[in-house]
Amino acid sequence: MDQQASGDHVLYSVEEGVATITLNRPDAMNALTISMKAALLEALEHARDDAEARAVLLTGAGRGFCAGQDLREHADNLDAGVGLDNTVRAHYNPIILTITGMGKPVIAAVNGFAAGAGASLALACDFRVAADGAKFAMAFLGIGLAPDSGASWTLPRLVGAAKARELLLLGEPVTAARALELGMVTSVVPGDELTASARALAVRLAQGPTQAYGATKQALDFSAAHSLEDSLEMEADLQDACAKTEDHHNATRAFLAKRRPTFDGR
Ligand code: T3D
Numbered sequence: 000m001d002q003q004a005s006g007d008h009v010l011y012s013v014e015e016g017v018a019t020i021t022l023n024r025p026d027a028m029n030a031l032t033i034s035m036k037a038a039l040l041e042a043l044e045h046a047r048d049d050a051e052a053r054a055v056l057l058t059g060a061g062r063g064f065c066a067g068q069d070l071r072e073h074a075d076n077l078d079a080g081v082g083l084d085n086t087v088r089a090h091y092n093p094i095i096l097t098i099t100g101m102g103k104p105v106i107a108a109v110n111g112f113a114a115g116a117g118a119s120l121a122l123a124c125d126f127r128v129a130a131d132g133a134k135f136a137m138a139f140l141g142i143g144l145a146p147d148s149g150a151s152w153t154l155p156r157l158v159g160a161a162k163a164r165e166l167l168l169l170g171e172p173v174t175a176a177r178a179l180e181l182g183m184v185t186s187v188v189p190g191d192e193l194t195a196s197a198r199a200l201a202v203r204l205a206q207g208p209t210q211a212y213g214a215t216k217q218a219l220d221f222s223a224a225h226s227l228e229d230s231l232e233m234e235a236d237l238q239d240a241c242a243k244t245e246d247h248h249n250a251t252r253a254f255l256a257k258r259r260p261t262f263d264g265r
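Here you go:
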């Protein structure tokens with residue numbers, strides 16, 4: 000898939016094992032239209048299935064990361080009598096499940112405002128590297144809507160139940176510095192260092208034991224909704240699978256030979 004294959008509003012490229020997906024509607028702060036959501040899902044599925052891609056970097060073009068639902072298209076739909084029925088289920092949920100189910104690390108490089116479903120997108124990723132000028136706004140209530148795209152699930156797990164309730168009910172923008180204090184982001188860097196910094200993390204992850212990353216994500220997701228006993232069982236299954244990988248065999252031999260391991264993702 001080349002840069003244009005998923006549409007001009009969502010760019011896709013792979014370099015050094017990192018698939019970069021760029022939301023590219025800077026004039027509208029990368030707000031999501033229906034066609035853009037379809038293109039984003041296509042790009043994410045492509046990254047999932049792309050053997051060359053061992054980590055995924057999600058970012059926005061221009062001064063915003065993503066302003067959530069495109070409210071112009073949304074208003075047109077409301078005027079035309081097209082309700083919300085099924086739109087979240089049809090358009091947003093598959094995107095979030097593809098990010099969270101990605102068997103490789105996903106990093107959001109949050110370059111500016113992440114609002115509404117745009118914030119949810121970032122929260123669904125494994126890591127969030129934020130520019131110092133970035134802000135998060137759980138903007139749903141501001142337009143009379145409730146959270147979607149997983150914010151009610153991801154946010155309490157990142158910041159705790161009480162703070163998530165506050166952020167979702169008040170909808171006040173959260174600066175990058177505050178987001179770091181709250182545990183909403185992995186790191187905050189100067190804006191002009193964001194691309195290099197997020198990319199360095201993605202490249203590092205792309206050079207790691209891809210299957211073990213996938214298994215770790217699976218174990219964490221499973222444990223969030225299961226008992227200790229069930230989670231121990233899941234860990235045992237996942238460990239059996241990891242123990243069969245070339246990466247595990249090679250890294251174990253490298254340890255004994257006092258060499259730095261290299262991982263091929265197999
Ligand atoms: O239908 C469904 O599926 C429902 C699902 C809903 C999920 C959601 O995401 S609900 C939340 C929707 N998003 C918002 O409510 C955020 C709206 N945007 C803002 O609050 C502000 O734009 C920002 C805080 C993000 C940034 O503010 P600022 O002052 O830096 O920029 P701006 O001037 O407001 O925006 C710049 C341009 O982007 C402007 O266009 P213009 O006037 O220059 O032609 C603005 O209209 C456009 N823009 C920003 N956000 C959206 C948008 N256009 C369409 N939809 C947007 N969400």
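For the sequence shown, the residue numbers in numbering that gives the first Met the number 0 are 0 to 265. From the three backbone atoms N, C-alpha and C, an ideal C-beta is built for every residue, glycine too.
Quick one: complete alpha helix (DSSP H) runs, 4+ long, within the region 209-236?
-> As far as the region 209-236 is concerned, its whole alpha helix (DSSP H) runs of at least 4 residues are 209-222.
Closest by C-alpha distance to residue 105, when choosing among 88, 55 and 192 = 55
Taking only heavy atoms of the ligand T3D into account, decide whether any of them is closer than 7 Å to the Cβ of residue 142.
-> yes
Are the region 209-216 and the region 92-108 in contact at 8 Å, needing three or more beta carbon pairs?
-> Three or more beta-carbon pairs drawn from the region 209-216 and the region 92-108 are found closer than 8 Å, and the two stretches are therefore classed as touching.
Residue 265 - DSSP class collapsed to helix/strand/coil = In the structure shown, residue 265 falls within a coil segment according to DSSP collapsed to helix, strand and coil.
Touch check for the region 121-137 and the region 191-210: three-plus C-beta pairs under 8 Å?
-> yes
Pick from 138, 149, 140 and 94 that is closest to residue 119, judged by C-alpha positions = 149
Whose C-beta lies closer than 7 Å to the C-beta of residue 238 among residues of the same chain, with five residues either side of it excluded?
-> none
Delimiting residues of the alpha helix (DSSP H) encompassing residue 158 = 150-158
Buried/exposed call for residue 223, threshold 16 Cβ in 10 Å = exposed
Provide the residue span of the beta strand (DSSP E) that contains residue 10, from first to last.
-> 9-14
Do the region 234-251 and the region 83-91 meet, that is, are 3 or more Cβ pairs less than 8 Å apart?
-> no
Return the chain-ordered list of same chain residues with a C-beta closer than 6 Å to the C-beta of residue 321, the five sequence neighbours on each side being excluded.
-> Since the first and last residues shown for the chain are 0 and 265, residue 321 lies out of range.
Span of the beta strand (DSSP E) around residue 58 = 54-59
Can you tell me whether residue 227 is buried or exposed, with buried defined as 16 or more other CB within 10 angstroms of its CB?
-> Exposed.
Residues of its chain near residue 218, where Cβ-Cβ distance is below 8 Å and the 5 sequence neighbours each way are ignored = 230, 233, 234 and 237
Sorry if obvious, but does the Cβ on residue 69 come closer than 7 Å to a heavy atom of the ligand T3D?
-> Result yes, Cβ under 7 Å from the ligand T3D.
Neighbourhood of residue 19 by C-beta, 6 Å cutoff - its chain only, sequence neighbours within 5 removed | 12 and 56
Using only the heavy atoms of the ligand T3D, determine whether one of them is closer than 7 Å to the beta carbon of residue 138.
-> yes
Buried or exposed by the 16-neighbour rule on C-beta atoms within 10 Å, applied to residue 23 | With 16 or more Cβ atoms within 10 Å of its Cβ, residue 23 is classed as buried.
Within its chain, find whatever has a CB closer than 6 Å to the CB of residue 62; leave out the 5 residues flanking it on each side and keep chain order.
-> 111
If you run the structure through DSSP and keep just helix, strand and coil, what is residue 138?
-> Residue 138 falls in the coil class under three-state DSSP.
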